[in-house]
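Using our numbering, you'd call the opening residue of the sequence shown number 1352 and step up by one each time. A quick write-up on the structure given underneath.
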Amino acid sequence: MEDGSPVQGSPFTKLYVGVFVVLLGFTVLLTFLSIPAGLYAVFSGHLSKTYDYTALLTPYFWIGPAVTSVPFQLSVGAWFLILTAIYVTFFTIALKQKQGPLQATSAAFKEGMGAIMSSPFVVVMVSIGFLTFTASIADDLISSAGVPIGGLSGDPLALITGFTAAPLVEELGFRVLIIGVVALILSMRRPLKEVLGSLWRPSMAVEGLALGSGASIIIWVATGFSAATFGICHVACGGTSWDTGKVLEAGYAGVVLGYLYVRYGFHVAVLAHWGVNFLGSAFAFFGQAAYGIPWDSNTGEFIGQYLVDLDLLLLLGLASFVPSSILG
């Protein structure tokens, strides 16, 4: 083919799909194991020296750049369980939508890599690898330019709880309440089901319209505004140890997450965000809770965290980045 992409159904394509599927399966296994690893880290009582899962906290949500606390408290453990149940439910929804991962994989061997993306579940897993890999490159470029990014520090139990909550509360605040509300307003003349559906998947508001239509442009402008706000708020919204460079890295992540939200739906954006946050760190916290290896150790990681880093930063991450056209 003139564009250099492999011929559909060719031996090269089948080999690439086979390798990709193995890496995908390995990532799914790590994802599955990260949930009990996170549960152990939170409920073992070994992660924090100052408090445990029975301590009370006040859940919060973002309304754009503004933090809004709910008028009640929950224990750390209860909040963690509620969040975990929501993410498991979202994974179940992704598995049941359109083609399942097995059907999409079978089609990919016959039709090429593009077919594997017909499964929202596969989209989630690929997006986790793609976003982790490309964000790490962005971090390296920003740091090499002499722009400080900063980092996270603090009580490990508070950090894992924050990592677990952020995907849901940030996608609600920066995607649904910015992009989704715009899409809802644009779809007001459509049937009620489509109006409400545009909050879940904003592309529903422009289905049937030309690609360059005014409504389509407005939604993508809102997506850009959401990404910019998301990036800036990581540094400027208070209570953060991130530095200037985080604006660019988080802003880039906001573009990717916004795209996933608009095209595939709220659950896909949330799960991709969850994968970067929770899957990317759950085994590190497990290693500290179970074996006393500091979660942010620079001298040697817990083996589970090493495998996650290897997978998301090199194996699936690289494999998800190379055929970038499959994300279209």
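Note that beta-carbon positions come from the ideal geometry of N, C-alpha and C, so glycine has one too.
Quiz prompt | Separation of residue 1468 from residue 1646, as counted between CA atoms | solution = Here residue 1646 refers to the residue found at position 295 of the sequence shown. Here residue 1468 refers to the residue found at position 117 of the sequence shown. Looking at the two C-alpha atoms, the distance is approximately 34 Å.
Quiz item: On the three-state DSSP scale, how would you describe residue 1503?
Solution: Position 152 of the sequence shown, counted from the start, is the residue given in the question as residue 1503. Reduced to three states, the DSSP call for residue 1503 is coil.
Exercise. Could you name the residues of the same chain whose beta carbon sits closer than 6 Å to that of residue 1367, not counting the 5 residues immediately before and after it, in chain order?
Key: Here residue 1367 refers to the residue found at position 16 of the sequence shown. For residue 1367, where only same-chain residues beyond five positions count, there are no Cβ hits under 6 Å.
Quiz prompt | Among 1534, 1547 and 1548, the one whose alpha carbon lies nearest that of residue 1565 | solution = Locating residue 1565 in the sequence shown gives position 214, where the first residue counts as 1. Looking at the Cα atoms, 1534 is the closest of the given residues.
Quiz item: Counting Cβ pairs closer than 8 Å, one from the segment 1622 to 1639 and one from the segment 1649 to 1658, do we hit at least three?
Solution: yes
Quiz item: Within 10 angstroms of its Cβ, does residue 1663 collect 16 or more other Cβ (buried), or is it exposed?
Solution: Locating residue 1663 in the sequence shown gives position 312, counting from the first residue. Buried, by the Cβ-count rule.
Quiz item: Based on the DSSP output, what are the partners of residue 1417 in its beta bridges?
Solution: In the sequence shown, the residue the question calls residue 1417 occupies position 66. DSSP, once it has assigned bridges, lists 1414 as partnering residue 1417.
Quiz prompt | Three-state secondary structure assigned by DSSP to residue 1487 | solution = The residue given as residue 1487 occupies position 136 in the sequence shown. Residue state, collapsed to three classes: helix.
Self-check item: Three-state secondary structure (DSSP) of residue 1425
Solution: Against the sequence shown, residue 1425 aligns to sequence position 74. Here residue 1425 sits in strand by DSSP.
Quiz item: Would the segment 1443 to 1460 and the segment 1470 to 1480 be scored as touching if the rule is three or more Cβ pairs under 8 Å?
Solution: yes
Practice problem: Could you check what DSSP says for residue 1380 in three-state terms: helix, strand or coil? | Solution: Residue 1380 sits at position 29 when you count from the first residue of the sequence shown. If DSSP states are grouped into helix, strand and coil, residue 1380 belongs with the helices.
Self-check item: Three-state secondary structure (DSSP) of residue 1646
Solution: Residue 1646 sits at position 295 when you count from the first residue of the sequence shown. Residue state, collapsed to three classes: coil.
Quiz prompt | Residues sharing a beta bridge with residue 1407, DSSP | solution = Along the sequence shown, read from residue 1 onward, the residue named residue 1407 stands at position 56. Per DSSP, 1426.
Quiz prompt | From 1400, 1435, 1399 and 1412, residue whose alpha carbon lies closest to that of residue 1387 | solution = As a first step, residue 1387 is located in the sequence shown; it is residue number 36 there, counting from the start. Nearest of 1400, 1435, 1399 and 1412 to residue 1387, Cα basis: 1435.
Quiz item: Are the segment 1393 to 1400 and the segment 1418 to 1437 touching, with three or more C-beta to C-beta distances below 8 Å?
Solution: yes
Practice problem: Could you please give the first and the last residue of the uninterrupted alpha helix (DSSP H) stretch that includes residue 1570? | Solution: In the sequence shown, the residue the question calls residue 1570 occupies position 219. First-last of the alpha helix (DSSP H) with residue 1570: 1565 to 1587.
Quiz prompt | When 1532, 1552 and 1525 are compared against residue 1584, the one with the closest alpha-carbon | solution = For the purposes of this step, residue 1584 is taken as the residue at position 233 of the sequence shown. Residue 1525 is the option with its Cα nearest to residue 1584.
Quiz item: Buried or exposed: where does residue 1668 fall if 16 or more other Cβ atoms within 10 Å of its Cβ makes it buried?
Solution: Stepping through the sequence shown from its first residue, residue 1668 is reached at position 317. With 16 or more Cβ atoms within 10 Å of its Cβ, residue 1668 is classed as buried.
Quiz item: What residues are listed by DSSP as bridge partners for residue 1593?
Solution: Position 242 of the sequence shown, counting from 1, holds the residue named residue 1593. DSSP output for residue 1593 lists 1501 as bridge partner(s).
Quiz item: My guess is that residue 1529 and residue 1580 are in contact by the Cβ rule of under 8 Å, so how many angstroms apart are they, rounded?
Solution: Sequence index remark: in the sequence shown, residue 1529 carries index 178 (1-based). Sequence index remark: in the sequence shown, residue 1580 carries index 229 (1-based). Indeed they touch by this definition, with Cβ atoms about 7 Å apart.
Self-check item: Start and end residues, alpha helix (DSSP H) containing residue 1662
Solution: The residue you call residue 1662 lines up with position 311 of the sequence shown. Element bounds for residue 1662: n/a, residue is neither H nor E.
Quiz item: In angstroms, rounded to a whole number, what distance separates the CA positions of residue 1481 and residue 1432?
Solution: As a first step, residue 1481 must be located in the sequence shown, where it is residue number 130. As a first step, residue 1432 must be located in the sequence shown, where it is residue number 81. Near 28 Å, if we compare the C-alpha coordinates of residue 1432 and residue 1481.
Quiz item: How is the alpha helix (DSSP H) around residue 1462 delimited, first residue to last?
Solution: By one-based count along the sequence shown, residue 1462 stands at place 111. Start and end: 1452 to 1462.
Exercise. Determine the closest residue to residue 1407 out of 1612, 1416, 1509 and 1378, with distance taken between C-alpha atoms.
Key: To locate residue 1407, count along the sequence shown from 1; it is residue 56. Ranking 1612, 1416, 1509 and 1378 by Cα distance to residue 1407 puts 1509 first.
Quiz item: Where does residue 1522 sit, in a helix, a strand or coil, going by DSSP?
Solution: The residue given as residue 1522 occupies position 171 in the sequence shown. Residue 1522: helix per DSSP, three-state reduction.
Exercise. Since I believe residue 1578 is in contact with residue 1304 (beta carbons under 8 Å), could you give me their beta-carbon distance rounded to a whole number of angstroms?
Key: Because the chain in this structure spans residues 1352 to 1679, residue 1304 falls outside the shown range and cannot be described.
Quiz item: Which value, in whole angstroms, describes the spacing of the CA atoms of residue 1515 and residue 1547?
Solution: If you number the sequence shown from 1, residue 1515 lands on position 164. If you number the sequence shown from 1, residue 1547 lands on position 196. Roughly 27 Å between the two C-alpha positions.
Quiz item: Are the beta-carbon atoms belonging to residue 1380 and residue 1630 less than 8 Å from one another?
Solution: By 1-based counting over the sequence shown, the position of residue 1380 is 29. By 1-based counting over the sequence shown, the position of residue 1630 is 279. Not in contact: residue 1380 and residue 1630 (Cβ atoms no closer than 8 Å).
Practice problem: Please name the residue in 1527, 1558 and 1540 whose C-alpha comes closest to that of residue 1550. | Solution: In the sequence shown, the residue the question calls residue 1550 occupies position 199. Closest option to residue 1550, Cα to Cα, is 1527.
Exercise. Just tell me which of 1607, 1542, 1592 and 1378 has its CA closest to the CA of residue 1576.
Key: Sequence index remark: in the sequence shown, residue 1576 carries index 225 (1-based). It is 1607.
Quiz prompt | Inter-residue spacing [alpha-carbon to alpha-carbon] between residue 1475 and residue 1620 | solution = Here residue 1475 corresponds to residue number 124 of the sequence shown, with the count starting at 1. Here residue 1620 corresponds to residue number 269 of the sequence shown, with the count starting at 1. Looking at the two C-alpha atoms, the distance is approximately 8 Å.
Quiz item: Does the Cβ of residue 1409 have 16 or more other Cβ atoms within 10 Å, making it buried, or fewer, making it exposed?
Solution: Walking along the sequence shown from the start, residue 1409 turns up at place 58. Residue 1409 is exposed by the Cβ-count criterion.
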